[in-house]
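Protein chains in written order, with UniProt numbering: chain A, 1 to 337; chain B, 1 to 337. Read through the structure below, which is laid out as structure tokens, and then see the notes.
2 protein chains.
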Amino acid sequence: MATIYDIAKKANVSAMTVSRVINNSGSIKESTRKKVEEAIKELNYIPNSAARSLVSKKSNLLALLITDVTNPFFTKVARGAEDKAQQMGYQLMLCNTDESVEKESKYIDVLLAAGVDGVLFTPSGEKSKKNLRKLAKHGIPFTLIDRKVQGINCDVVLGDNHEGTRQLLQHLIDLGHEKIAIINAPLDISTAHDRYQAYVNTLKMNGLSVDERLVLKSHYKKENATNNIEYILSLSKKERPTAIFATNNFIAVETIRALREKKLEVPHDMAFVCFDDLDHHATIDPFLTVASQPAYDFGFTGVQFVIERVEGTAPQEFRKIQFQTELVVRKSSGGQL
Amino acid sequence: MATIYDIAKKANVSAMTVSRVINNSGSIKESTRKKVEEAIKELNYIPNSAARSLVSKKSNLLALLITDVTNPFFTKVARGAEDKAQQMGYQLMLCNTDESVEKESKYIDVLLAAGVDGVLFTPSGEKSKKNLRKLAKHGIPFTLIDRKVQGINCDVVLGDNHEGTRQLLQHLIDLGHEKIAIINAPLDISTAHDRYQAYVNTLKMNGLSVDERLVLKSHYKKENATNNIEYILSLSKKERPTAIFATNNFIAVETIRALREKKLEVPHDMAFVCFDDLDHHATIDPFLTVASQPAYDFGFTGVQFVIERVEGTAPQEFRKIQFQTELVVRKSSGGQL
DNA sequence: CTGTTAGCGCGTTCAA
DNA sequence: TTGAACGCGCTAACAG
């Protein structure tokens with residue numbers, strides 16, 4: 001409510017002097033600084049950031065575009081991102097895209113209008129390219145989180161999808177499994193693609209053949225998995241998998257639910273592993289064998305990267321950081337066959 | 001990058017006409033509207049929201065101050081809030097206060113500076129009053145989520161803490177428990193206060209006495225619960241509780257962990273109930289008996305309330321909505337003694 | 001060390 | 001139906 005002029009008047013100085021006090025710029029006599037600071041306190045003055053942005057072309061706003069905060073992986077990404085943003089003096093705007101390019105596009109327009117300084121982006125697939133290009137066209141720096149997009153050059157924070165998958169599958173194979181199904185998201189999502197590749201590679205490395213009937217499709221969101229399980233049950237005993245690899249936590253949860261519905265006991269009737277942990281759950285009941293990723297660091301590092309780009313302190317070349325995954329063996333994968 | 005003037009020039013009209021087209025205000029000849037719209041498209045023009053806010057005194061920004069988005073309860077609050085905000089054309093800024101008034105205060109200053117139109121607030125306790133008064137002084141509408149603060153008049157979205165607690169305790173009592181410990185957060189948090197009151201009431205209603213030694217203190221955040229469990233184990237068999245009521249999910253998780261450490265099996269050695277569900281967990285392994293609250297609706301309704309205040313469509317009187325809790329009986333409370 | 005001028009991009013007001 | 005002038009609150013650039 002109070003403006004810089006109100007302060008100026010009260011302190012008997014010019015608006016410019018007040019501005020300098022606020023921004024610690026230029027040099028100010030100690031006595032006048034005191035006067036100004038008192039006036040500021042008395043009038044509860046708070047600088048208007050719209051006016052500031054208008055002049056400086058900076059909003060100190062960052063956007064976090066993820067598919068769904070309620071996915072425990074992204075919940076932690078969000079926390080990490082917010083912590084770093086807060087520490088660096090930025091605010092974080094939360095956006096849930098639900099794996100939809102259309103929702104993404106809408107957000108991009110809003111964010112552009114809102115004048116965000118940078119964007120953290122988990123693209124919903126290759127079709128997200130146009131949205132990223134739009135950001136680029138408007139000169140907004142962005143960092144890709146968790147998933148990359150072909151032909152887009154930018155900073156990117158990833159997990160090691162190959163190694164994570166390899167660990168999970170090798171673990172199952174070492175336990176004696178030879179027929180392992182994969183339930184995956186659409187392959188235009190880089191993590192789905194990479195995990196599938198690694199699935200194929202790991203089977204081959206172990207002299208196992210890839211049975212296309214065991215390559216099942218789903219989405220990285222909460223989607224009923226009953227169909228897939230019914231399909232599996234329809235296979236002859238000889239074809240039927242003895243283990244399932246779910247490529248993310250949501251698929252895992254829904255698949256487990258469907259298995260229970262069909263009275264299949266994990267791991268007794270079906271061994272089970274997946275990507276990404278469900279942490280609170282892990283404490284209460286250490287059940288799922290997972291490839292765990294440091295989600296918090298994804299967000300934290302991602303924000304650091306964008307801010308460095310925003311502030312021009314980033315190196316010229318784009319950075320790619322790949323975090324290690326950790327194999328956490330728990331009950332769901334079962335013991336030796 | 002392009003401004004309203006660039007569009008004006010390109011379309012051979014005045015800036016004002018462009019402004020009118022953008023805002024659908026005034027009346028415009030169809031032909032000139034066409035011209036302007038084409039120019040907008042060609043130049044990829046996006047209105048500068050800093051300039052707009054400066055004039056209109058509206059930012060279309062809302063802030064969500066919660067204690068920790070990684071608390072599954074607040075994760076869902078955040079999702080509900082974001083969905084409603086998005087639907088109404090607002091953006092949501094995420095803030096984690098970690099139950100600290102100091103962090104709250106910092107955020108409040110930043111938010112005031114950022115010019116948010118309204119705030120959703122889960123106060124960390126009675127000391128949050130000063131922060132709320134500050135918001136009020138600056139004319140920023142806010143809605144309290146999950147917790148109320150004495151002497152603060154505003155819209156508020158709550159759960160039914162009395163009834164939720166009553167259900168949980170009555171359930172334990174019906175199973176035969178007479179010595180029930182409560183592990184609670186500081187009492188200046190309204191939910192902690194109310195749950196404690198309901199704990200006392202329910203015991204009394206059932207002719208049971210309240211044993212102060214079974215009233216244990218903790219915090220609504222992840223805090224090691226080993227001390228409390230060691231204390232419980234130090235009690236004589238006669239004094240020792242047969243059941244524990246944890247007043248939120250974080251306390252629950254940590255307490256279960258501590259119990260496990262001490263080789264105590266739930267519910268065999270200790271029955272257990274708590275407030276708030278851990279949903280993914282509930283699917284994988286339906287274990288905890290809880291009083292579940294519709295967290296998503298807390299956020300959704302909260303945003304609706306603030307926006308109505310922001311836009312002046314809210315009724316004069318402040319609203320208080322109290323959502324029902326649902327008792328979900330699972331394994332942790334055990335069977336009849 | 002401090003003040004004056006001008007302008008950031010837009011919308012309100014008043015005229016035409 | 002359209003336009004010109006002004007001001008929102010602030011800071012950069014230039015005096016002094």
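Backbone N, C-alpha and C define an ideal beta-carbon position, used for all residues, glycine too.
Cβ of residue i within 8 Å of Cβ of residue j?
i	j	result
F250(A)	K222(A)	yes
L120(B)	I140(B)	no
I189(A)	Y231(A)	no
T122(B)	I145(B)	yes
T247(B)	I180(B)	no
I4(B)	S19(B)	yes
A252(B)	C274(B)	yes
A271(B)	L175(B)	yes
L64(A)	M93(A)	yes
T70(B)	R79(A)	yes
V13(B)	T143(B)	no
Q322(B)	G159(B)	yes
A258(A)	A225(A)	yes
V149(B)	L132(B)	yes
V284(B)	F74(A)	It is Ile, not Val, that sits at residue 284(B) in the sequence shown. Cβ atoms of I284(B) and F74(A): not closer than 8 Å.
H138(A)	M1(B)	yes
For residue i, report the span of its beta strand (DSSP E) as first-last.
i	result
F245(B)	243-246
V215(A)	215-217
G89(B)	It is not in any beta strand (DSSP E) - G89(B) carries neither H nor E in the DSSP assignment.
T226(A)	It is not in any beta strand (DSSP E) - T226(A) instead sits in the alpha helix (DSSP H) that spans 226-234.
G118(B)	118-121
Is the CB of residue i under 8 Å away from at least one CB in chain A?
i	result
S124(B)	no
P241(B)	no
residue 353(B)	Nothing can be reported for residue 353(B), as the shown portion of chain B is limited to 1 through 337.
S292(B)	no
E82(B)	yes
S105(B)	no
M1(B)	yes
F142(B)	no
I46(B)	yes
H138(B)	yes
F323(B)	no
V69(B)	yes
Does the beta carbon of residue i come closer than 8 Å to any beta carbon on chain B?
i	result
I66(A)	no
K76(A)	yes
A15(A)	no
S333(A)	no
D6(A)	no
R79(A)	yes
S59(A)	yes
P315(A)	no
Using 10 angstroms around the beta-carbon of residue i, count the other beta-carbons present and answer buried if the total reaches 16, otherwise exposed.
i	result
E102(B)	exposed
N60(A)	buried
V55(A)	exposed
Q167(A)	buried
M16(B)	exposed
Q324(A)	exposed
H177(A)	buried
H193(B)	buried
K35(B)	buried
Tell me the residue span of the alpha helix (DSSP H) that contains residue i.
i	result
T191(B)	190-205
I284(A)	279-284
E261(B)	249-261
K320(A)	First-last for K320(A): 320-323, but that is the beta strand (DSSP E), not the alpha helix (DSSP H).
D6(B)	4-11
L168(A)	161-174
A39(A)	30-42
L111(B)	101-114
Cβ-heavy atom distance between residue i and the ligand SAM below 7 Å?
i	result
K263(B)	With respect to small molecules bound, the structure shown includes none, and the ligand SAM cannot be examined in it.
Item to complete: Scan the segment 90-103 of chain B for residues whose Cβ lies nearer than 8 Å to a Cβ of chain A and list them as they occur along the chain.
Response: Q91, L92, M93, L94, C95, N96
Worksheet item: Mind listing which residues of the segment 231-257 of chain B have their C-beta closer than 9 Å to chain A's C-betas, in chain order?
Response: Within the segment 231-257 of chain B, the qualifying residues are N249, F250, A252, V253, E254, I256, R257.
Worksheet entry | Residues, ordered as in the chain, of the segment 145-174 of chain B that lie near chain A by beta-carbon distance below 9 Å | none
Item to complete: Closer than 7 Å, Cβ to Cβ, to anything on chain B: give me those residues from the segment 107-123 of chain A, in chain order.
Response: V110, L112, A113, A114, G115
Worksheet item: Taking any Cβ of chain B, which residues in the segment 264-283 of chain A have a Cβ under 7 Å from it, in chain order?
Response: L278, H280, H281, T283
Discussion item. Taking beta-carbon pairs under 7 Å, can you tell me which members of the segment 177-203 of chain B lie near chain A?
Written reply: Here the close residues number zero.
Worksheet item: Taking Cβ-Cβ distances below 9 Å as the criterion, which residues of the segment 27-54 of chain A are in contact with chain B?
Response: So the list reads N44, I46, P47, N48, S49, A50, A51, R52, S53, L54, given in the order they occur along the chain.
Worksheet item: According to a CB-to-CB cut-off of less than 9 Å, which residues of the segment 210-225 of chain B neighbour chain A?
Response: none
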